[in-house]
Amino acid sequence: MRRALFLVLLLAAQPAFADQLVSGVSQELIQITSNYTGSDIVVFGAVEGEPGRDMSLPKDVVVVVRGPETDITVRRRDRVAGIWINHDAAKLSGMPAYYFLASTRPLKEIAPPEALTHYNIGLQSLQPDSVHSHHDYEPFRQAALRHLTKDRLYTEVPGGVEFLSATLFRAHVPVPAGVARGQYKVEVYLFRDGDVESAQSTPLFIDQTGLERRLYNFAHNQPFGYGLAAVAMAVIMGWISSLLFRRST
Amino acid sequence: MEIYLPIAEMSVHWIVILGMGVGVGFLSGLFGVGGGFLLTPLLVFYGIPSGIAVATTLSHITASSISGAVAHWKRRSIDFKMAGVMMAGGLGGTAVGVWLFAIMRRAGQMDLVVSLTYVPMLGIIGGIMLNESLKTLRAWRSGHAPARIHPVNHVWIHGLPLKARFRQSRLYISVIPPLAIGFVVGAMSAVMGVGGGFIIVPAMIYLLRMPTNVVVGTSLVQIIGVAIVTTLLQATNNYAVDIVLAAILVTGGVVGAQFGVRAGARLRGEQIRLLLALLVLAVALKLLWDLLVTPADFYSIGGV
Chain A
149 MRRALFLVLL LAAQPAFADQ LVSGVSQELI QITSNYTGSD IVVFGAVEGE
199 PGRDMSLPKD VVVVVRGPET DITVRRRDRV AGIWINHDAA KLSGMPAYYF
249 LASTRPLKEI APPEALTHYN IGLQSLQPDS VHSHHDYEPF RQAALRHLTK
299 DRLYTEVPGG VEFLSATLFR AHVPVPAGVA RGQYKVEVYL FRDGDVESAQ
349 STPLFIDQTG LERRLYNFAH NQPFGYGLAA VAMAVIMGWI SSLLFRRST
Chain B
4 MEIYLPIAEM SVHWIVILGM GVGVGFLSGL FGVGGGFLLT PLLVFYGIPS
54 GIAVATTLSH ITASSISGAV AHWKRRSIDF KMAGVMMAGG LGGTAVGVWL
104 FAIMRRAGQM DLVVSLTYVP MLGIIGGIML NESLKTLRAW RSGHAPARIH
154 PVNHVWIHGL PLKARFRQSR LYISVIPPLA IGFVVGAMSA VMGVGGGFII
204 VPAMIYLLRM PTNVVVGTSL VQIIGVAIVT TLLQATNNYA VDIVLAAILV
254 TGGVVGAQFG VRAGARLRGE QIRLLLALLV LAVALKLLWD LLVTPADFYS
304 IGGV
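Respectively, the protein sequence lines represent chains A and B. Reminder that position 241 of the first sequence reads as 389 in the working numbering, one-by-one numbering, no gaps. Reminder that position 189 of the second sequence reads as 192 in the working numbering, one-by-one numbering, no gaps.
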């Protein structure tokens with residue numbers, strides 16, 4: 149929410165002479181079916197320059213895809229009386245369930261760290277909205293970034309945005325099979341001289357469909373009936389198998 | 004070869020899951036254990052969220068236990084009265100277990116509680132069984148008559164009131180010990196996603212002194228009852244039962260269980276007990292190892 153507001157302000161505050169950013173997504177709705185194993189979407193766009201401005205001036209594009217916000221609980225093991233137990237924990241609220249960033253160059257070459265933090269761009273600028281912890285939460289946040297990066301839910305690809313011409317750019321965004329359902333946001337930033345000159349945000353929806361959707365609804369709307377169905381399935385399968393095997397031997 | 008699980012909200016290789024089902028089903032047919040104490044960690048290791056692994060494993064336990072129980076029923080090696088008494092205790096235990104589950108999960112100490120209770124319990128049970136079966140096998144091999152297993156003489160058990168006759172087990176004992184065993188195992192199945200056969204089987208042999216041939220069938224019937232109730236509770240309270248995952252596990256499990264029962268019929272009681280003892284000790288050592296060895300990463304993540 150904070151970020152959406154911020155984007156609106158950013159767009160409203162654009163200087164009059166700025167280049168305009170136009171972007172789109174190859175697919176605005178991803179439907180997860182039983183054979184979904186992950187897919188790619190393409191974020192593309194163009195930088196439309198002011199008349200008379202030199203289009204070959206250095207510019208950078210950063211594409212960010214954020215998943216729905218979620219709570220992440222990170223626990224730390226400590227040695228107590230010789231055994232390793234979960235001792236301290238930090239609950240990081242409002243972290244994206246998925247984060248993908250592609251840029252034309254490594255982020256640190258595009259803009260100074262203060263600007264990245266200011267615009268909330270890059271894994272290192274990801275901050276929770278609120279934290280439940282008795283300690284400094286920074287090591288817990290670093291651990292969360294490390295784990296989610298390992299699970300390919302958090303990704304940074306320097307060089308992932310390629311310019312096809314002086315104005316056209318494109319980036320491939322992998323959507324792995326384990327992503328959360330919900331509303332995603334595709335943000336495109338145009339950087340020049342270490343600062344954001346233009347930005348655009350497009351929503352992206354990821355949802356289940358077909359049988360998966362119906363099973364999910366069944367489980368949540370009629371949990372007792374769903375439980376009975378699971379039990380009946382197990383009982384019948386167990387019974388049938390014993391009948392089949394008796395015949396065959 | 005991937006399939007999407009609607010409740011776990013992730014894709015899995017269904018052949019791997021099917022293989023887990025077959026392997027664990029075989030063991031459950033062979034030993035008369037549900038196999039949950041192996042399947043739950045396997046699923047968690049594969050990446051299934053632990054809550055869903057705990058709840059869904061119970062479907063697999065139900066199916067493979069039924070498949071095994073039918074075979075035992077044909078051999079008339081089930082004491083339904085004993086199973087019923089233990090099940091009654093089990094229902095009470097399940098209710099308490101669901102409550103404990105919520106408390107421990109809130110404190111983030113699920114893993115610790117599981118490990119700290121499993122290690123001594125599995126270690127002691129495995130050790131006793133290993134010792135007994137080795138002694139019997141050695142005596143048998145040297146040509147002597149196998150030494151009768153003499154468990155500790157539980158005078159206090161015979162002093163308890165509410166005695167009942169269990170004809171199939173040829174026992175006349177108080178219903179309190181089987182009720183208590185059922186209660187403990189019911190609580191465990193809710194907390195850990197295990198059927199509890201690896202507790203019930205030794206408890207029946209060493210505490211209740213039931214004949215070995217009715218032990219396996221009877222424990223299967225008791226496990227079925229508890230697993231069904233726990234599945235319903237997990238589905239209604241936690242929405243944690245993934246029916247697609249369950250179907251794959253069950254398909255593998257029932258096939259494996261049939262082979263397990265057949266293999267079990269060819270082995271002698273002592274051999275089965277020796278194998279089960281080794282398996283139980285292996286799980287205990289693995290859990291102990293995880294408690295003592297310095298973890299590669301001090302941080303773990305839950306609830307993404």
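Positions of the beta carbon are idealized from the N, C-alpha and C atoms, including for glycine. Keep in mind it's a predicted model, so treat the numbers as computed, not measured.
In chain A, which residues lie less than 8 Å from residue i when you measure between Cβ atoms?
i        : result
B/THR65  : VAL379, ALA382, VAL383, GLY386
B/THR234 : GLY375, ALA378, VAL379, ALA382
B/THR254 : MET385
CA-CA distance, residue i and residue j?
i        : j        : result
B/ALA250 : B/VAL25  : 12 Å
A/HIS320 : A/THR297 : 17 Å
B/GLY87  : A/SER187 : 52 Å
A/HIS282 : A/GLU217 : 23 Å
A/TRP387 : A/GLU304 : 51 Å
A/TRP232 : B/PRO123 : 16 Å
A/GLN175 : A/VAL213 : 13 Å
B/VAL19  : B/MET13  : 14 Å
A/GLY193 : A/THR185 : 27 Å
B/VAL258 : B/GLY28  : 7 Å
B/THR139 : B/GLY38  : 26 Å
A/LEU274 : A/ILE354 : 22 Å
A/PHE366 : A/ALA382 : 18 Å
B/VAL99  : A/ALA378 : 23 Å
For the beta strand (DSSP E) holding residue i, just list the boundary residues, first then last.
i        : result
B/ILE6   : 5–8
A/VAL211 : 208–214
A/GLU345 : 343–356
A/TYR247 : 247–251
A/ASP226 : 217–228
B/SER177 : 174–177
B/MET13  : 13–16
DSSP three-state call for residue i: helix, strand or coil?
i        : result
B/ALA150 : Since pLDDT at B/ALA150 reaches only 48, below the 50 mark, its modelled position is unreliable, and no value is offered.
B/GLU135 : helix
B/ILE81  : coil
B/GLN225 : helix
A/GLY308 : coil
A/GLY242 : strand
A/TYR364 : helix
B/LEU41  : helix
A/ALA378 : helix
A/SER390 : helix
B/ALA142 : helix
B/ASP300 : coil
B/HIS63  : helix
B/ARG269 : helix
A/THR303 : strand
Which stretch, first to last residue, makes up the alpha helix (DSSP H) that contains residue i?
i        : result
A/TYR339 : A quick correction: the sequence has Phe, not Tyr, at residue 339 of chain A. A/PHE339 -> not in any alpha helix (DSSP H); beta strand (DSSP E) instead, spanning 330–340.
A/ASN183 : Unbroken run through A/ASN183: none, as it is neither H nor E.
A/VAL327 : First-last for A/VAL327: undefined, no H or E at that position.
A/GLY172 : No alpha helix (DSSP H) contains A/GLY172, which is instead part of the beta strand (DSSP E) from 168–173.
Since residue i meets chain A, which of its residues come closer than 7 Å, beta carbon to beta carbon?
i        : result
B/PHE301 : ARG224, ARG225
B/ILE231 : VAL379
B/PRO9   : GLN356, GLU360, LEU363, TYR364
B/ALA74  : SER390
B/ALA172 : Reading off the sequence shown, one finds Ser at residue 172 of chain B, where the question assumed Ala. Residues of chain A passing the Cβ test: none, with the nearest at roughly 23 Å.
B/VAL257 : MET385, GLY386, SER389
B/VAL286 : What B/VAL286 touches in chain A: nothing, since even the nearest Cβ is about 17 Å away.
Quick one: is residue i buried, meaning 16 or more other Cβ sit within 10 Å of its Cβ, or exposed?
i        : result
A/GLY308 : buried
A/ASN183 : exposed
B/ILE246 : buried
B/GLY200 : buried
B/TYR175 : exposed
B/ARG276 : buried
B/GLN225 : buried
B/TRP1   : This structure does not reach residue 1 of chain B, given that chain B is present from 4 up to 307, and the question cannot be answered.
A/GLU196 : exposed
B/ALA102 : The residue you asked about is not Ala; residue 102 of chain B is Trp in the sequence shown. Counting Cβ neighbours within 10 Å, B/TRP102 comes out exposed, since fewer than 16 surround it.
B/GLU135 : buried
A/ARG225 : buried
A/LYS358 : The sequence as given places Gly at residue 358 of chain A; Lys does not occur at that position. With fewer than 16 Cβ atoms within 10 Å of its Cβ, A/GLY358 is classed as exposed.
List, in chain order, every chain B residue whose beta-carbon is nearer than 7 Å to that of residue i.
i        : result
A/ILE180 : TYR7
A/TYR184 : TYR7, SER14
What does residue i touch in chain B if you count any residue whose Cβ is under 8 Å from its own?
i        : result
A/TYR285 : Neighbours of A/TYR285 on chain B: none; closest Cβ ~12 Å, over 8 Å.
A/ALA367 : PRO9, ILE10, ALA238, TYR242, VAL244, ILE246
A/HIS398 : The structure shown has nothing for residue 398 of chain A, since chain A only spans 149 to 397.
Just the chain A side, please: which residues come within less than 9 Å of residue i by C-beta, in chain order?
i        : result
B/LEU295 : GLY230, ILE231, TRP232
Using only the heavy atoms of the ligand FAD, determine whether one of them is closer than 7 Å to the beta carbon of residue i.
i        : result
A/LEU392 : Among the components modelled here there is no ligand, and therefore nothing to report on the ligand FAD.
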